[in-house]
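Asker: The opening residue of the sequence shown carries number 132 in our numbering; numbering runs sequentially from there. Just so you know, even glycine gets a beta-carbon here, dropped at the ideal spot from N, CA and C.
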Amino acid sequence: ADNEVGQNNNYLKHVPIPDEIMAEDSASASIYRHANYRNVSIMQIINRLNYLDSIAKGEPKFTLICPGLHDGELMLNSIKDEIVKNPDSLFVIKPHPRGSNSYIDKYKYNNLEVSHEHIATLLANAKKVVVTYTSVGMESKYLNIETDVINIPGIISESPLLDKS
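1. State yes or no: is the C-beta of Val262 within less than 9 Å of the C-beta of Pro198?
2. What residues are listed by DSSP as bridge partners for Val262?
3. Using three-state DSSP, classify Ser172 as helix, strand or coil.
4. Skipping 5 residues on each side, what residues in its chain have a beta carbon closer than 6 Å to that of Ile177?
5. Which of the three DSSP states is assigned to Ala158 in this structure?
6. Which residues in the same chain as Leu182 place their Cβ atom closer than 8 Å to its Cβ, once the five residues preceding and following it in sequence are excluded?
7. Residues in the same chain with beta-carbon distance under 7 Å from Phe222, minus the five sequence neighbours each way, listed in chain order, please.
8. Using the Cα positions of Asp236 and Ile186, report the straight-line distance between them to the nearest angstrom.
9. If you measure from the beta carbon of Val215 to each beta carbon in chain C, is any gap under 9 Å?
10. Select from Leu200, Ile224, Val146, Ile173 the residue whose C-alpha is nearest the C-alpha of Ile152.
11. May I ask which residues mark the beginning and end of the alpha helix (DSSP H) holding Leu207?
12. Identify, in the order they occur along the chain, each residue of the same chain with its Cβ nearer than 6 Å to the Cβ of Ile276, setting aside the five sequence neighbours on each side.
13. Determine the direct distance from the alpha carbon of Ser231 to that of Met269, and round the result to whole angstroms.
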């Protein structure tokens, strides 16, 4: 709220804000600006994404499904028709490493595989990436891989990928 942040050093009445904010993209920067942060800039180089430049893209082989921490079952349920209607296409799900992934056992399709390989290995051979709000969607866009964002009804989407501007 406007009355929560301040740069007047009165920390009993106001939360201090940083002198500078460096956002990864324009959507993130606009969120900071909307919250009255000052000196917001967009990073020219995002160090955590440097590994993407070393990915040697191979032959596109599969659709990579990358759920977020808590939405894997909702996501698979949303795209199960696509998996079933395309029995000759391979779908690979990379469960969130910290998520509860017991839901995967409910989805037994001949063309759906579960992978725990590093995301860089999977992105190298993905022809398409399906996400909800994970940062993997931004990474696949960076690599010019077709990226679909699943908007789950009734769930707030935090994905800047939905911003088409």
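Answerer: Based on what the coordinates show:
1. A contact, by the Cβ cut-off of 9 Å.
2. Listed as beta-bridge partners of Val262 by DSSP are Cys197, Val280.
3. Note: Ser172 maps to strand in three-state DSSP.
4. Taken in chain order, the residues that qualify are Glu155.
5. If DSSP states are grouped into helix, strand and coil, Ala158 belongs with the helices.
6. Reading the sequence as shown, one finds Tyr at residue 182 and not Leu. Within the same chain, Tyr182 has close Cβ partners Ala251.
7. Here the set comprises Phe193, Thr194, Ile196, Ile214, Asn242, Leu243.
8. Each residue's Cα considered, the two are about 31 Å apart.
9. The question asks about chain C, but that chain is absent: this structure has only one protein chain.
10. Among Leu200, Ile224, Val146, Ile173, the Cα nearest to that of Ile152 is on Ile173.
11. Note, Leu207: alpha helix (DSSP H), 203 to 216.
12. Excluding positions up to five away in sequence, the list reads Ala257, Val260.
13. Cα to Cα, the separation comes out at about 23 Å.
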